[in-house]
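I have placed the structure first, in the form of structure tokens, so that the comments after it can refer back to it.
2 protein chains.
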Amino acid sequence: MREAQKMLPTLPFRKVAILGAGNGGRALAASLRMQGQPVTLWNRNWNHLQELRATGKIQLTGALEGVAEDIETTDNISVAVRDADLVMLVTTADAHRLVIEAAAPFLAADACIFLQPGRTGGAFEIRKVLNVLLPGHRIDICESQSLIFACRATSACEVRVIGIKECVPVAALPYSRTSEIVPRLRCLMPGMREAESLLHTSFENIGAIFHPAIVLFNAAAIERGEQFFFYQDISPLVSDFLLELDQERIKLGRCYGINLKSIFEWIVAAYPESSGDTLRERFRGNPAYHDITSPTQLHSRLLTEDLPTGLVPMVAFGELVGLEMPLMRSLVNIGSSLLKRDFWAEGRNLQSMDLQGLNVQDIIRAAS
Amino acid sequence: MREAQKMLPTLPFRKVAILGAGNGGRALAASLRMQGQPVTLWNRNWNHLQELRATGKIQLTGALEGVAEDIETTDNISVAVRDADLVMLVTTADAHRLVIEAAAPFLAADACIFLQPGRTGGAFEIRKVLNVLLPGHRIDICESQSLIFACRATSACEVRVIGIKECVPVAALPYSRTSEIVPRLRCLMPGMREAESLLHTSFENIGAIFHPAIVLFNAAAIERGEQFFFYQDISPLVSDFLLELDQERIKLGRCYGINLKSIFEWIVAAYPESSGDTLRERFRGNPAYHDITSPTQLHSRLLTEDLPTGLVPMVAFGELVGLEMPLMRSLVNIGSSLLKRDFWAEGRNLQSMDLQGLNVQDIIRAAS
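Quick mapping for you: the protein sequence lines, in order, are chains A and B.
Residue numbers for the first sequence follow full-length UniProt numbering, so the first one is 1 and each next one is one higher.
Residue numbers for the second sequence follow full-length UniProt numbering, so the first one is 1 and each next one is one higher.
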């Protein structure tokens, strides 16, 4: 701890709680700890932390190299968040609500909740949860458009950082807090940028366009145990379908005064090393997608996360402005039936985002 | 022709036109001709008839054995239907309207149009077409619930009859004509039975439940050129999905006072030689399904027929009684987008079936 203490005066946060010890949570914990930041890494599944607990060390390789030491680990959320002034949620977004409900009683008065990433409507949902559980408290909430790292754990205590994103939009709720929060985050994660609106971080949820549709068109193959490359093996009509599905998202943005990148523009910008004139060519020619294989079962976060925290809230935002979104609705209906869950009820809707009864101007005002 | 002429007094029809020279059309042409019935077989694609035209003979093997001779063939629909008192449509159902529009000017006054099978709402659609094109004429129309043969062409002039169905419901529009028409049809096709209602022949469209859903869950695999067994390789959650989808059809029947067999009850009844306690087991244990492979492309009748003449009209009937059918709607939406067609507009809807403005009692009365 000697080094960390020496750096303490320049550190932006007293203590960072990282909730979720998957690929992203581990990489973030290591990166922050290597910058001297006291870090507690929480996971609800104790087994998942066992090896890490023995050493308290995480090794990073790839775009970020080094060994982080003295990472505190716990499966007790009260221990994790107590006295933390930055609480980063790095779980799948469908767990955000549950995790915050568990953490709420133990949050410090000056805590900032950071959904990394928020998916669609994350900050709205958490705002409502905290308003109910901690009425009167003004805890800051913000969400990023994506995780700052592209990374993959290679073993329990080692994460390969494939890339560090240079421009990740972040917005707070209320939006006015953005300009205070993002500069503090940037001390530790320089790629963070102030988003023009919370609707921007919420509607630029690209995974929600890619994942459920590709999974459903491959549902039987996945269940039969056939392996394929998730992006590389995209077929022509499925690729065209994604573009048409994406039009519903683009129109949604327009209804809220936001000019969104299409998925094609997004992939060109996010992966300039990819090549090709069509989405399919970009998928096939994108080195970052090369080794991404198909899920081994239908119950994967590609449906269980992206339906309730992606397509369901997008449809909810669309409903509020009277926008028809037949393809998004259809994917949610079919995914719900296939997995025998009601993602309309489970997912982020106008009620759970506390937006019922508002009009589009109210929301634009709250979000920007 | 000698034998045929000798038998003429006992034949139920003067001349039978069979429109569509696929597996079913050829098997029917041969079967009827072997009973002495004069038969003209029409196909819009001349190449499809070339070999047959050279000999005028079709050989049947399997459940029905023999060689039919003197089958007249033509690609001129006026030649086919002129003077025919039975006109059987054995095309895919999405072609019914087009074929009848082409045939209408040449139909005999005493012609009976027989949709074999009608899929969903076939007779209603053709009734409207004829009312417009031949106002004042009272041409009989009827539809069967399925084709009477399970068969497969083994070469241009040879069809293997896998099975002859023993109980195929047939209904006429108006329903009152059923009791006159079905006995005449039974002279040639003894498996034909009087259906209790035209809604029975229309709602017991089992293919519409099986085909589009299985295709969509395999869409990417089909486009990638992967081969699988269409029914045998059904996966557990897809099989469960079919049962839930089928519930929308069962409910639809109930709204119209019809007690429909579920797809599970149907498969048990239609294929008693299959075994198993679940739909999936029945699919896998059904010898009749053993060699049915996947389509080689997405543009197949499993979508282009079953969406516009199966799920679209079922949703239309549901709409009329205020029944929600989210899964059927979703499959039509996704199939339309995937194939870049608007099956809602192309398919059988309340307008094209001439049912707009009617209530459920009107329709039950017209159909039974």
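Ideal Cβ placement from N, Cα and C applies to all residues, glycine included.
Could you check where the beta strand (DSSP E) with residue i kicks off and where it finishes?
i, result
"ILE141(B)", "140-144"
"GLY163(B)", "158-164"
"PHE149(B)", "149-155"
"PHE230(B)", "No beta strand (DSSP E) contains PHE230(B), which DSSP labels as neither H nor E."
"VAL170(A)", "168-173"
"THR74(A)", "72-74"
"ILE258(A)", "From DSSP, ILE258(A) is part of no beta strand (DSSP E); its letter is neither H nor E."
"THR40(A)", "39-42"
"GLU194(B)", "192-194"
"GLY66(A)", "66-68"
"VAL16(B)", "16-19"
"VAL87(A)", "86-89"
"PHE114(A)", "112-115"
Taking a contact to mean a Cβ-Cβ separation below 9 angstroms, would you say residue i touches residue j in this structure?
i, j, result
"ASP140(A)", "CYS157(A)", "no"
"LEU173(B)", "ALA367(B)", "yes"
"PRO295(B)", "PHE230(B)", "yes"
"VAL159(B)", "CYS255(B)", "no"
"ALA84(A)", "ARG14(A)", "yes"
"LEU216(A)", "ILE334(B)", "yes"
"LEU252(B)", "GLY347(B)", "no"
"ILE164(B)", "LEU64(B)", "yes"
"PHE106(A)", "ILE77(A)", "yes"
"LEU52(A)", "VAL90(A)", "no"
"ALA153(B)", "ASN23(B)", "yes"
"LEU323(B)", "PRO212(B)", "no"
"residue 409(B)", "SER337(B)", "The structure shown does not extend to residue 409(B), since chain B spans only 1 to 368, so no value can be given for it."
"LEU49(B)", "THR10(B)", "no"
"LYS340(A)", "ASP110(B)", "no"
"LEU320(B)", "ILE214(B)", "no"
"ILE263(A)", "ASP246(A)", "yes"
Just reading off the alpha helix (DSSP H) that residue i is part of, what are its end residues?
i, result
"ILE58(B)", "Segment 58-62 is the beta strand (DSSP E) holding ILE58(B); no alpha helix (DSSP H) there."
"GLU248(A)", "236-255"
"THR201(A)", "198-203"
"TRP266(B)", "263-270"
"ARG104(A)", "First, the residue type needs correcting, since residue 104(A) is Ala and not Arg in the sequence shown. Premise fails: ALA104(A) is in no alpha helix (DSSP H) and is neither H nor E."
"ILE181(B)", "178-188"
"PHE217(B)", "206-217"
"GLN361(B)", "360-367"
"GLN50(A)", "50-55"
"LEU130(A)", "122-133"
"PRO313(B)", "312-320"
"GLU281(B)", "279-284"
Check whether the Cβ of residue i sits closer than 8 angstroms to any heavy atom of the ligand MN, and report yes or no.
i, result
"PHE217(B)", "Of the ligands one can find in the structure shown there are none, so the ligand MN has no counterpart to examine."
Can you pull the chain C neighbours of residue i, defined as C-beta to C-beta under 8 angstroms?
i, result
"GLU244(A)", "You won't find chain C in this structure, because its protein chains are A and B."
Using 8 angstroms for Cβ pairs, my map puts residue i next to residue j. What's the rounded Cβ distance?
i, j, result
"ALA221(B)", "LEU298(B)", "Actually they do not touch by this definition, with Cβ atoms about 11 angstroms apart."
"SER202(A)", "THR304(A)", "Going by Cβ atoms, the distance from SER202(A) to THR304(A) rounds to 19 angstroms, so no, they are not a contact pair."
"ASP70(B)", "ASN43(B)", "That pair is no contact at about 17 angstroms."
"CYS187(B)", "PRO12(B)", "4 angstroms"
"SER197(B)", "VAL168(B)", "Not quite, the Cβ-Cβ distance comes to about 15 angstroms (not below 8 angstroms), so this is no contact."
"ALA80(B)", "LEU19(B)", "7 angstroms"
"VAL161(A)", "LEU60(A)", "6 angstroms"
"ALA208(B)", "LEU311(B)", "5 angstroms"
"ALA17(A)", "THR40(A)", "5 angstroms"
"ILE181(A)", "CYS142(A)", "5 angstroms"
"GLY62(A)", "MET34(A)", "Going by Cβ atoms, the distance from GLY62(A) to MET34(A) rounds to 14 angstroms, so no, they are not a contact pair."
"MET189(A)", "ILE148(A)", "5 angstroms"
"GLU223(A)", "VAL268(B)", "Contact doesn't hold; Cβ gap of about 24 angstroms is too wide."
"ILE250(B)", "LEU199(B)", "Actually they are not in contact, since the Cβ atoms of ILE250(B) and LEU199(B) sit about 13 angstroms apart, beyond 8 angstroms."
(request) Check whether the stretch 232-240 of chain A touches the stretch 263-282 of chain A, counting contact only when three or more Cβ pairs, one atom from each stretch, lie closer than 8 angstroms. (result) yes
(message) Can you pull out the residues from the stretch 310-343 of chain B whose beta carbon lies closer than 8 angstroms to at least one beta carbon of chain A?
(response) PRO326, LEU327, ARG329, SER330, LEU331, ASN333, ILE334, SER337, LEU338, LEU339 and LYS340
(message) Against chain A, which members of the stretch 112-139 of chain B pass a CB distance test of less than 7 angstroms?
(response) none
(request) Inspect the CB distances between the stretch 114-127 of chain B and the stretch 325-332 of chain B and report whether three or more fall short of 8 angstroms. (result) no
(request) Residues of the stretch 223-241 of chain A with a CB closer than 8 angstroms to any CB of chain B: list them in chain order, please. (result) GLU223, ARG224, GLU226, PHE228, ASP233, ILE234, SER235, PRO236, LEU237, VAL238, ASP240 and PHE241
(request) Check distances from the C-beta atoms of the stretch 94-108 of chain B to those of chain A and list, in chain order, the residues that come in under 9 angstroms. (result) none
(request) Residues of the stretch 209-223 of chain B with a CB closer than 9 angstroms to any CB of chain A: list them in chain order, please. (result) ALA213, ILE214, LEU216, PHE217, ASN218, ALA219, ALA220, ALA221, ILE222 and GLU223
(request) Select from the stretch 279-300 of chain A all residues with a C-beta closer than 7 angstroms to any C-beta belonging to chain B, and list them in chain order. (result) LEU298
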